[in-house]
Each structure stands twice: as structure tokens, then as C-alpha cells.
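Heads up, the thing below is written out as C-alpha cells.
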Amino acid sequence: METNEIIVILGLVLMTILFVFSIKMGFEHLIKNYKKEIEYYFRNIGHSIVDIKKTVGKEKIKNPYKRDFQIRPFMISPLVIYKYRVVLTEVNGIKKKNWVEIKICYLLKPKIKFELGK
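When you line the sequence shown up against this note's numbering, it's residues 51 to 168, in that order.
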């Protein structure tokens, strides 16, 4: 094999790996809704779920996980995506508003953080 052929093969392998991780991240961000994981967590701590919804309007201001938007030089695609959910639960007849942060990265599993309401 010549040097040019080796470079082409390595380039194709690299492009394939990047494509697979992009598909994985796209699935986790756009298609997967993480409802099962959220329900499982709250069921284990004794809460019954009333509703799971996306943050909209004025709720975004009250988000305990506030992050500033940053633009990095030479950024082709986002390396980390954050999704937020509001979970309304009921414990002993008392309704609570809980926050969930979902952090999605290229090479890591999504991480879910829970902020329990008072």
C-alpha cells in the first residue's frame, strides 16, 4: 500500500467514527425523551408523577441549572447539549415542582441531575 491509500483509509475510518457518534448524539437529543429514567427515579424515592414537561416561557427563568450560552472559536457542532424538564410530583397529597437536567455528550452516556422541589 502506498502512503496516499493509507491516508484515505484512515480518513474514511475517522469520518465513519464521527458519523456514528453524531447519529448517537442526534438520537439522544432529538428522539429520546428520558421519560422512563425520570419515572424510575421518582418512583424509587416515593413520589408519584403528575406530569413531565419541557420548560417554556417564564419557567426557563426559574431554572436552578442556569447556564450562559457560549460560542467557542472553530466550533463546528455542539460538544455538549443540555435539556431541561419540569416534573410535577405528588407526595402525601402535596404537589411539588422538580427540575431535571440532562447533559448529552458525544463520547459519554447522558447524565441526569435531579433538583427536588420544596
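No residue lacks a Cβ here, since even glycine has one placed at the ideal position from N, Cα and C.
Assumed close pair Tyr156, Leu138 - CB separation to whole angstroms, cut-off 8 Å: That pair is no contact at about 32 Å.
Can you grab the Cα-Cα spacing for the pair Leu64 / Ile57, in whole Å? 10 Å
Helix, strand or coil at Asn142 according to DSSP, with G and I counted as helix: coil
Pull up the distance between the alpha-carbon of Ile169 and that of Gly167, whole angstroms please. The requested residue 169 is not part of the displayed model; the chain covers only 51 to 168.
So, with DSSP's three-state summary, where would you put Glu165? strand
Between Ile67 and Ile88, is the Cβ-Cβ spacing less than 8 Å? no
Beta strand (DSSP E) containing Lys104: first to last residue? Ser98 to Lys104
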